[in-house]
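Worksheet for the structure shown next.
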Amino acid sequence: MYKTSLELAKAIAKAAADKKGRDVVLMNMVGLSPATDYFVICSAGSTTQVKAISDNIEEQLSEAGHSMLHREGYREAEWVLLDYGDCVAHVFLQDSREYYSLESLWGDAELTTYEE
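Note that numbering that gives the first Met the number 0 gives residue 112 to position 113 of the sequence shown, counting from 1, and the numbers run on in steps of one.
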C-alpha cells in the first residue's frame, strides 16, 4: 500500500510509463477538487495501447494492495478513467487528450511531468 496520495500518483505514472504512455503528468488537485488529490494523465498512440496502459495500472496497483473504485471508457478505449479515490488516472488517445484538454480545464492545478 502506498502511504500518501503522491506516492499513489507516482505509482500510477510509473505503470503508465512502463507501457510507453506519453507525456505523463501529475496534476495536484488538492484544494481544487473535493473528489481527488491527483489526476495522472497520459497519452497513447492507439486504442490497443490505451488498454495496455490501463491494464498495467490496474495490475500494478492491485499487486500493491489498492482496489480501483471505478473504471470508465475501457470498451471504447479513447479515454479510460481509473478512479482510485485519492488519485484518478486518465489514459487518452492523443487526439482525445487534445480535444478534452484537462490540463487547460484545470489550469490552476500544479503540473509535474513524470520522469523515470
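Glycine residues also receive a C-beta, built at the ideal position from the N, C-alpha and C atoms.
First and last residue of the uninterrupted beta strand (DSSP E) at residue i
{"i": "residue 98", "result": "No beta strand (DSSP E) contains residue 98, which is instead part of the alpha helix (DSSP H) from 93-99."}
Residue range of the alpha helix (DSSP H) that includes residue i
{"i": "residue 5", "result": "4-17"}
{"i": "residue 49", "result": "46-62"}
6 Å Cβ shell around residue i - same chain, five flanking residues per side excluded
{"i": "residue 8", "result": "25, 37, 39, 86"}
Closest residue to residue i among the options (Cα-Cα distance)
{"i": "residue 91", "options": "65, 72, 5, 34", "result": "72"}
{"i": "residue 4", "options": "84, 104, 109", "result": "84"}
{"i": "residue 30", "options": "113, 105, 111, 112", "result": "105"}
{"i": "residue 93", "options": "47, 10, 6", "result": "47"}
Same chain only: Cβ atoms within 8 Å of residue i, ignoring 5 sequence neighbours per side
{"i": "residue 101", "result": "26, 38, 40, 89"}
Close beta carbons around residue i, own chain, < 7 Å, minus the five adjacent residues each side
{"i": "residue 57", "result": "67, 81"}
Take every Cβ of the stretch 47-59, pair it with every Cβ of the stretch 68-82, and state whether three or more of those distances are shorter than 8 Å.
Contact between the stretch 47-59 and the stretch 68-82 is present, with at least three C-beta pairs closer than 8 Å.
The stretch 41-49 / the stretch 11-30 touching (three or more Cβ pairs under 8 Å):
The answer is yes - the stretch 11-30 touches the stretch 41-49, with three or more Cβ pairs under 8 Å.
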